[in-house]
Amino acid sequence: MLAGRLNITTGVFGVEEIPEPHAGPGQVRIAVRAAGVCLSDVHVIQGMLKPAALREGSVTMGHETAGVIDEVGPGVEHLRAGQRVLLLAGELMGDRIVTRGVDYDGGWAQYAVATAGTVVPIPDSLPFEQACFVPDAVSTPWAAISSTAGVQPARAAGVWGIGGLGVHAVQLLRLVGAAPVIAVDPLPAARSRALAFGADLALDPRAEDFNARVQEATGGLGLAYAFDFAGAGVVREQAVRVLGVGGLLVLIGLSDEPLTIPSATIFTYFQQQVRGHYGSRPEHIHELLALIAAGRLDLSRSVSDVLPLSEAVEAVHRLDTKKGDPVRLVLTP
Numbered sequence: 001m002l003a004g005r006l007n008i009t010t011g012v013f014g015v016e017e018i019p020e021p022h023a024g025p026g027q028v029r030i031a032v033r034a035a036g037v038c039l040s041d042v043h044v045i046q047g048m049l050k051p052a053a054l055r056e057g058s059v060t061m062g063h064e065t066a067g068v069i070d071e072v073g074p075g076v077e078h079l080r081a082g083q084r085v086l087l088l089a090g091e092l093m094g095d096r097i098v099t100r101g102v103d104y105d106g107g108w109a110q111y112a113v114a115t116a117g118t119v120v121p122i123p124d125s126l127p128f129e130q131a132c133f134v135p136d137a138v139s140t141p142w143a144a145i146s147s148t149a150g151v152q153p154a155r156a157a158g159v160w161g162i163g164g165l166g167v168h169a170v171q172l173l174r175l176v177g178a179a180p181v182i183a184v185d186p187l188p189a190a191r192s193r194a195l196a197f198g199a200d201l202a203l204d205p206r207a208e209d210f211n212a213r214v215q216e217a218t219g220g221l222g223l224a225y226a227f228d229f230a231g232a233g234v235v236r237e238q239a240v241r242v243l244g245v246g247g248l249l250v251l252i253g254l255s256d257e258p259l260t261i262p263s264a265t266i267f268t269y270f271q272q273q274v275r276g277h278y279g280s281r282p283e284h285i286h287e288l289l290a291l292i293a294a295g296r297l298d299l300s301r302s303v304s305d306v307l308p309l310s311e312a313v314e315a316v317h318r319l320d321t322k323k324g325d326p327v328r329l330v331l332t333p
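At position 311 of the sequence shown (counting the first as 1) the number is 311 in the UniProt record's numbering, and the numbers step up by one without a gap.
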């Protein structure tokens, strides 16, 4: 079968022929119908992110995957061949989380094997091209908003970095009633996209009147919640400066830069907080599927383009260079 493979040792990524996998005990195999291309995939290929469990050899990329079960392994009773499903982006192995398409083979392939506990049925009404990126692109911001931050309605929220995850954060914050929702990105196209997805205000972080605009939009209260999807020290410093009393900064974008609090006295006096966030849990996927089924969440605008699996290298290049300003590029075998 065809698969998009990364050689961890050499750093070479390409589409190649490999043997078809088969479902073992407690596993199913799916015929992949769609797989999302995420910026974290690009970072793994470029060596900026390292696999936690895979130290050498090659891995099939892709942690956002949807398809049809075509092989059921021994011991699996609640799943059957022919079911339309998505795969969770990762799973708990021992005391650590391992990620599909990074620590073990993922969905940039014609077939993918998954443990039964990471397989979630999807309704016939949900296209594979949208279902595939519910894990991560939608579930990560949803978990950050609903669980880590516990966002309350009618409270101000800011989102830094309006890419594949940040744009869904804007959409989901509006869904839960945060107000105003302020999007922050240096790119004009990203700011326009944020407004189309429901932001009340979109700001350039480099603007001289940035702080004043946030204060004006929030009635002088500052932000109750700030979400960093960019993973940059300068973003985090800026976000902290516009937090209000009891304000919370949630770190989602990955960065090895030091975290700097501009004024520890103000931070302490106003009882502000910083929390880290990573990924999502199965219940977040089920909540999102329920919202989609109820017509509350529309992901159709997020599919920027669909490419054949054979063009995976081109898809990675397009996302890396932001060619066409994509939200999500999707590969299909």
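C-beta: ideal position from N, C-alpha, C; glycine also.
Helix or strand or just coil, what does DSSP make of residue i?
i	result
Lys280	Per the sequence shown, residue 280 should be read as Ser rather than Lys. Here Ser280 sits in coil by DSSP.
residue 339	With the chain running from 1 to 333 in the structure shown, residue 339 is simply not present.
Ala230	coil
Glu237	helix
Leu243	strand
Of the residues the options, which one's Cα is nearest the Cα of residue i?
i	options	result
Pro19	Arg29, Leu319, Ala3, Ala144	Ala3
Ala109	Ser263, Glu17, Leu291	Glu17
Leu92	Tyr278, Ser146, Thr321	Tyr278
His78	Pro282, Val119, Ala199	Val119
Gly62	Val42, Arg80, Ile69, Gly220	Val42
Tyr225	Gln273, Val28, Asp298, Arg33	Gln273
Leu187	Ala202, Arg174, Val170, Thr332	Ala202
Asp320	Arg296, Gly164, Gly220, Ala194	Gly164
Leu88	Gly324, Thr332, His317, Arg281	Arg281
Rounded to whole angstroms, what's the CA-CA distance from residue i to residue j? Just pull it up for me.
i	j	result
Glu287	Ala293	10 Å
Val306	Ala178	32 Å
Phe267	Ala149	17 Å
Val37	Ala217	35 Å
Tyr104	Thr9	15 Å
Gly276	Thr99	18 Å
residue 411	Gln46	Because the chain is modelled from 1 through 333, residue 411 falls outside the range shown and cannot be assessed.
Cys132	Thr265	45 Å
Glu314	Phe128	21 Å
Val234	Ala112	39 Å
Gly247	Gly222	8 Å
Val59	Leu126	29 Å
residue 338	Asp95	There is no way to answer for residue 338, as the model of the chain reaches only from 1 to 333.
Val250	Pro74	42 Å
Lys50	Val44	6 Å
Pro25	Arg55	25 Å
Thr260	Pro326	31 Å
Ser146	Leu329	26 Å
residue 347	Gly166	There is no way to answer for residue 347, as the model of the chain reaches only from 1 to 333.
Val159	Glu257	19 Å
Ala144	Glu283	13 Å
Val170	Ala232	19 Å
Ala230	Leu331	24 Å
Arg301	Ala199	15 Å
Arg29	Pro141	28 Å
Length-filtered (3 minimum) beta strand (DSSP E) runs lying within the segment 269-318: 273-276, 303-308
Sufficient close CB pairs (3 or more, under 8 Å) joining the segment 204-212 to the segment 130-142: no
Entirely enclosed beta strand (DSSP E) segments - the segment 41-87, minimum 3 residues: 58-60, 65-72, 84-87
Every unbroken beta strand (DSSP E) within the segment 198-222, with a cutoff of 3 residues, ordered by chain: 201-203
Residue ranges of each beta strand (DSSP E) within the segment 107-195, 3 or longer: 111-115, 119-121, 157-160, 181-184
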